[in-house]
Structures are given as structure tokens and as C-alpha cells.
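S.K.: My questions will all concern the structure given below.
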Amino acid sequence: MINLQNFVQSMYAKRIEDCTDQELYYALLAFTKQQSEAKYTNDQKKKVYYISAEFLIGKLLSNNLINLGLYDE
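Numbering (numbering that gives the first Met the number 0), first residue to last: 0 to 72.
Structure (C-alpha cells):
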């Protein structure tokens, strides 16, 4: 499994330390999306989700990281 540091390197050709906050944020979003898709592909189970119009993107990102087991990394 690829880690965030390698993902940032392949996305921006920079080290994490040299990225702006915006670049890190977009890399983290893309990394989380990629990991979610990989997990879904491996599970191959159908799931139903309720999506509320009242949600916070920051909270959604942290929830996805926690659910993927990546939050503490």
C-alpha cells in the first residue's frame, strides 16, 4: 500500500515538507479517495448510505481517515 509521503511525491514531485498547506490538503483528499476506492474494490460489497445536505467537509475527511485506519499515521 502506498503511503501519503509517496503519494505527495508522485502528485507534486515534492517532499511533504516543501508543499503548501493547500497542496497537502488536496493530496490528502486524493489519497483518501484512492484508498476508499481500493477498499471498496477489494470488499466488493454493496452498501447503502444516507447523505445529509448538512455536513461538514472537514468532519467527513476525518471520518474517512478514521474508517480507513489512516488517521493516526
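Note that the Cβ used here is the ideal one computed from N, Cα and C, for glycine as well. This structure is a prediction, so every number in the text was calculated from the model and none was measured.
Any contact of the stretch 26-40 with the stretch 60-69, i.e. 3+ C-beta pairs under 8 Å?
M.R.: yes
S.K.: Reducing DSSP to helix, strand and coil, say where LEU3 ends up.
M.R.: helix
S.K.: Tell me the rounded alpha-carbon separation between ASP17 and LYS46.
M.R.: 39 Å
S.K.: If you reduce the DSSP assignment to three classes, tell me which class THR31 lands in.
M.R.: helix
S.K.: Pop quiz: LEU69 and LYS38 are said to be a contact at Cβ under 8 Å. What is the actual Cβ separation, rounded to whole angstroms?
M.R.: About 10 Å; that fails the 8 Å criterion.
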